[in-house]
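Asker: Before I ask anything, let me first share the structure, which is written out below as structure tokens.
Protein chains in written order, with the working numbering: chain X, 82 to 792; chain F, 91 to 391.
Here is the structure:
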């Protein structure tokens with residue numbers, strides 16, 4: 082028998098000996114894959130029947146159900162990680178028993194041969210049933226008409242991803258088996274390795290959030306490359322779920338699938354690389370591992386010390402965060418000495434208890450609880466250092482502005498967003514967040530002015546928090562992105578005061594980089610490619626009308642010209658639009674709103690040319706009467722008054738403006754939202770025109786006639 | 091040939107094997123004895139390549155044994171704590187070892203399992219301790235290796251089985267050139283089976299000699315002297331290792347052959363004198379007391 086045949090003969094015999102685990106794995110995967118697909122489809126069809134969905138909708142729901150079962154939305158990958166750990170520890174559990182080591186290590190096999198025999202066997206225990214069950218799941222979906230090309234691509238990609246997650250988890254377990262001498266400690270070690278990265282990242286973000294006013298929580302905003310498959314899975318799942326929820330109609334379009342696959346591919350490659358690297362480290366450790374170490378908790382003293390240190394330190398920091406946030410959820414900048422001392426005391430208690438417990442576990446002797454106090458003291462010292470560093474921002478987090486020479490470009494994203502919606506440029510049903518869109522398209526290269534704004538914003542943020550009265554009235558909440566030349570992105574949350582120097586803001590907001598990242602009109606394939614299906618309407622806040630179809634490109638050209646010639650921060654902040662253009666495509670699934678100012682000559686000309694123009698509010702002549710309502714908070718009554726006098730009507734019309742909802746730089750205080758205004762017209766509106774109710778008084782311009790009667 | 095040079099192994103602060111240099115020749119049965127914690131199992135594990143030494147060398151046919159497939163193809167280790175696959179039978183274990191040892195004799199193994207009435211497809215977990223030991227020994231004897239190391243070999247075996255195993259070992263030695271190394275607490279069993287014996291104490295070899303040589307060159311002399319002058323004369327002429335007095339009866343352990351001792355005693359006037367052979371236990375006690383150890387505390391019966 083050749084050595085190759087002998088190897089596979091041994092693998093087969095080992096697989097037979099591990100039949101129990103094999104059957105368990107197969108049973109689990111049958112339930113999670115083909116049976117899950119069948120149940121999902123049946124359930125979806127039943128749901129469709131009850132809700133009397135048509136054929137197309139039923140198919141859409143069926144496809145979505147299949148995606149939930151075997152596509153990107155799988156919720157059960159924790160099971161795969163657990164299987165990886167179970168398979169790894171059970172496969173190498175013979176390392177923990179001197180009896181079994183006598184048996185194996187005396188046999189004519191090198192350690193390297195033995196390692197690969199068991200390692201590969203563990204992979205087979207999972208892969209054989211997984212491939213079969215995945216195929217059965219796909220076959221079931223096909224037979225039950227729940228499969229499309231996109232879902233198939235998603236399922237196949239996901240199968241590779243699941244394999245990667247298993248592989249990485251399995252290698253972690255094998256490595257743990259090499260580091261430890263008994264199964265309980267090896268299990269703890271596996272948990273430690275799985276959670277270390279996640280906990281570290283979370284702790285860092287939590288502390289930044291607790292102490293730094295400009296911190297932006299971006300844990301699950303984008304795909305991260307991680308060593309830990311658990312962290313990777315949680316991160317991937319949250320990002321995918323966020324994107325899936327944005328896909329209107331859940332149709333799992335090709336563009337969405339490709340987008341997700343592209344995002345996840347580096348992550349998947351990372352899982353395999355981690356799996357291979359950890360396997361090689363495990364092999365190296367096995368070669369130097371002493372058989373007589375069976376039964377010892379953690380074999381290598383440096384590993385014992387480092388792991389004890391890290392777990393104690395993380396535990397102390399974690400407990401501090403939990404107990405501190407329990408008593409207050411707003412600490413930054415106003416943290417008293419009392420709270421700091423409280424945090425330190427929590428840290429000390431946790432460090433002592435945790436360190437002692439770990440040492441007792443390692444030594445399997447409760448009397449060792451207080452041994453090696455130097456390490457515990459070290460943890461306490463480092464914890465105190467962390468508190469001091471974060472409390473007094475010794476790393477300069479809140480004042481960090483990269484050097485100009487380090488910056489490639491940046492982005493300035495108002496959290497108000499201006500009410501804009503953003504879509505994947507290829508797929509109108511695939512909505513993406515404002516942040517994701519601008520992170521992709523906004524590239525402001527005026528670094529110097531951006532740095533000035535950042536400095537002002539950071540200071541304003543700190544001042545507002547220190548005063549303890551951060552409200553909407555302080556300024557605009559803005560997310561700032563620095564894209565550095567070294568490839569790193571830095572994110573900060575700042576507050577731009579309402580009274581910031583307009584000239585500095587104009588330079589940035591007028592720039593090509595800002596404009597092209599803010600207005601989707603510069604990345605509007607979804608509208609221009611469906612021009613014939615685009616519906617364009619115009620409203621001045623009181624009356625609206627539709628413009629004939631097929632004119633999107635003309636509108637877009639005109640509007641872009643107006644933006645280039647006129648749009649700046651001063652206009653966006655100070656002026657009220659005279660109207661807004663709404664563009665929608667495909668029965669209203671995707672739409673955009675664009676404000677029109679009286680300096681937007683090109684757009685106004687477009688509207689006039691296409692019978693879409695409506696006079697600004699102050700110039701409207703055909704108003705018969707105006708009903709103004711005011712909600713009195715004291716009496717909880719709504720007071721209504723109707724104004725019919727031309728004088729009153731004139732004053733009211735001059736004092737009101739269209740809502741500023743769509744402008745990201747409009748201060749909330751620019752309009753008075755206490756009153757609602759609706760108009761009645763002298764004559765019936767011309768054909769194609771209809772009433773709209775989107776007008777409010779400008780701040781400080783409520784006419785006396787209204788104030789007197791309504792308050 | 092198995093050779094160790096300055097072999098040392100320490101666990102924590104305890105020296106389990108302390109600077110052992112020994113040569114085990116082929117074709118001889120080497121017996122290893124000593125108290126609990128003497129280092130017998132550790133020594134066998136070092137020979138089997140299960141654990142690696144801290145210092146020194148272990149060579150099997152001039153090959154270092156640790157992590158060496160070629161060296162391990164020539165040895166089979168039967169530990170004191172046996173391990174068999176869960177739910178396995180002798181058939182399963184035989185099939186497994188057939189993939190591990192290329193010279194494993196499945197037919198012979200089958201025959202022996204039947205001869206020992208162990209049940210070819212019977213589950214091993216239903217066996218008694220003795221039956222498991224029998225099975226382990228049979229597996230080792232059929233592995234086709236040159237050396238077999240057996241730890242606490244005869245523990246759990248009834249007297250009939252012990253004889254059967256001894257016969258098998260002898261048969262394998264003569265037919266297939268097997269060289270066994272056997273460790274046991276039981277000096278009587280070692281004496282019965284082994285050609286060469288080593289006594290381990292606190293990791294070191296206290297004594298290592300051929301059994302025949304040991305018995306030939308040391309005797310017990312029981313005598314009653316006529317008078318004290320004759321007694322003193324005898325004690326000067328003989329190489330006495332040990333003496334026990336029981337009234338007028340004196341029992342000496344004397345180094346020398348029977349002829350030599352008897353020749354000497356002819357010149358002494360005695361009431362009664364007889365030379366008798368010593369058991370291995372008595373030899374050990376005497377030899378080790380001579381080097382300063384009170385082995386009575388060490389050797390367990």
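We put the beta carbon where it would ideally sit given N, CA and C, even for glycine.
So that I know if they touch, is there some Cβ in chain X lying closer than 9 Å to that of residue 234/F?
Answerer: no
Asker: Kindly say whether residue 173/F, judged by its beta-carbon, lies nearer than 9 Å to any beta-carbon of chain X.
Answerer: So, interface residue.
Asker: Measure from the C-beta of residue 453/X to each C-beta in chain F and report whether the shortest distance is under 9 Å.
Answerer: Not a single CB atom of chain F sits nearer than 9 Å to the CB of residue 453/X.
Asker: Rank 572/X, 788/X and 131/X by C-alpha distance to the C-alpha of residue 711/X and give the top, closest one.
Answerer: Answer by Cα proximity: 788/X.
Asker: What does the Cβ neighbour count give for residue 394/X, buried or exposed, with the cut at 16 atoms within 10 Å?
Answerer: Buried, by the Cβ-count rule.
Asker: Span of the beta strand (DSSP E) holding residue 474/X?
Answerer: Unbroken run through residue 474/X: none, as it is neither H nor E.
Asker: With a cut-off of 8 Å on the beta carbons, I'd call residue 737/X and residue 779/X a contact; round off their distance for me.
Answerer: 7 Å
Asker: Nearest to residue 533/X by CA position, among 544/X, 484/X, 524/X and 256/X, is which residue?
Answerer: 484/X
Asker: According to a CB-to-CB cut-off of less than 7 Å, which residues of the segment 181–205 of chain X neighbour chain F?
Answerer: 181, 182, 183, 184, 186, 187, 188, 189, 190, 191 and 192
Asker: Output the distance between the C-alpha atoms of residue 245/F and residue 329/F, rounded to the nearest integer angstrom.
Answerer: 37 Å
Asker: Could you spell out where the alpha helix (DSSP H) holding residue 633/X opens and where it closes?
Answerer: 633–647
Asker: Using a Cβ-Cβ cut-off of less than 8 Å, give me the residues of the segment 432–460 of chain X that come near chain F, in sequence order.
Answerer: none
Asker: Please check if any C-beta of chain X sits within less than 9 Å of the C-beta of residue 139/F.
Answerer: With respect to chain X, the C-beta atom of residue 139/F has a partner C-beta closer than 9 Å.
Asker: Go through its chain and collect everything with a Cβ distance to residue 75/F's Cβ below 6 Å, but skip five positions before and after it.
Answerer: A question about residue 75/F goes unanswered here, because the residues of chain F that appear run from 91 up to 391.
Asker: What in chain F is Cβ-close to residue 87/X, meaning under 7 Å?
Answerer: 189
Asker: By Cβ distance below 8 Å, which residues in the same chain neighbour residue 528/X in space, the five residues on each side in sequence not counted?
Answerer: 485, 488, 490 and 491
Asker: Specify the secondary structure class of residue 783/X as computed by DSSP and reduced to three states.
Answerer: Correct three-state label for residue 783/X: coil.
Asker: Can you tell me which of the three DSSP states residue 197/X falls into?
Answerer: Here residue 197/X sits in helix by DSSP.
Asker: Taking DSSP's pairing of strands, which residues face residue 336/F in a bridge?
Answerer: 339/F
Asker: Kindly list, in the order they appear in chain F, the residues whose Cβ is closer than 7 Å to that of residue 91/X.
Answerer: 189
Asker: Closest to residue 620/X by C-alpha separation, out of 445/X, 695/X, 318/X and 600/X, would be which residue?
Answerer: 695/X
Asker: Cutting at 7 Å between CB atoms, please list the residues of its own chain near residue 345/X, excluding the five before and the five after it.
Answerer: The beta carbon of residue 345/X is closer than 7 Å to those of 242, 304 and 317 in its chain, skipping five residues each way along the sequence.
Asker: Looking at C-alpha atoms only, which residue of 443/X, 255/X and 436/X is the closest neighbour of residue 456/X?
Answerer: 436/X
Asker: DSSP three-state call for residue 370/X: helix, strand or coil?
Answerer: If DSSP states are grouped into helix, strand and coil, residue 370/X belongs with coil.
Asker: I'd like the list of long-range same chain contacts for residue 469/X, defined as Cβ closer than 8 Å, with 5 residues on each side in sequence excluded.
Answerer: For residue 469/X, same chain residues with a beta-carbon under 8 Å away, outside a window of 5 residues either side, are 475 in chain order.
Asker: According to the neighbour-count rule (16 or more other Cβ atoms, all chains shown, within 10 Å of its Cβ), is residue 531/X buried or exposed?
Answerer: buried
Asker: Please report the distance separating the alpha-carbon of residue 202/X from that of residue 92/X.
Answerer: 6 Å
Asker: Within 10 angstroms of its Cβ, does residue 120/X collect 16 or more other Cβ (buried), or is it exposed?
Answerer: exposed
Asker: Do residue 682/X and residue 643/X count as a contact pair if the criterion is CB distance below 9 Å?
Answerer: yes
Asker: At least one CB of chain X closer than 9 Å to the CB of residue 157/F: is that the case?
Answerer: yes
Asker: Pull up the distance between the alpha-carbon of residue 653/X and that of residue 590/X, whole angstroms please.
Answerer: 9 Å
Asker: List the residues of chain F whose Cβ lies closer than 7 Å to the Cβ of residue 372/X, in chain order.
Answerer: 140 and 141
Asker: With a threshold of 9 Å between beta carbons, is residue 385/X in contact with chain F?
Answerer: no
Asker: Kindly indicate which residue of 423/X, 181/X and 660/X has the alpha-carbon position closest to the one of residue 398/X.
Answerer: 423/X
Asker: Assuming residue 231/F contacts residue 208/F under a Cβ cut-off of 8 Å, what Cβ separation, rounded to an integer in Å, is found between them?
Answerer: Actually they do not touch by this definition, with Cβ atoms about 13 Å apart.
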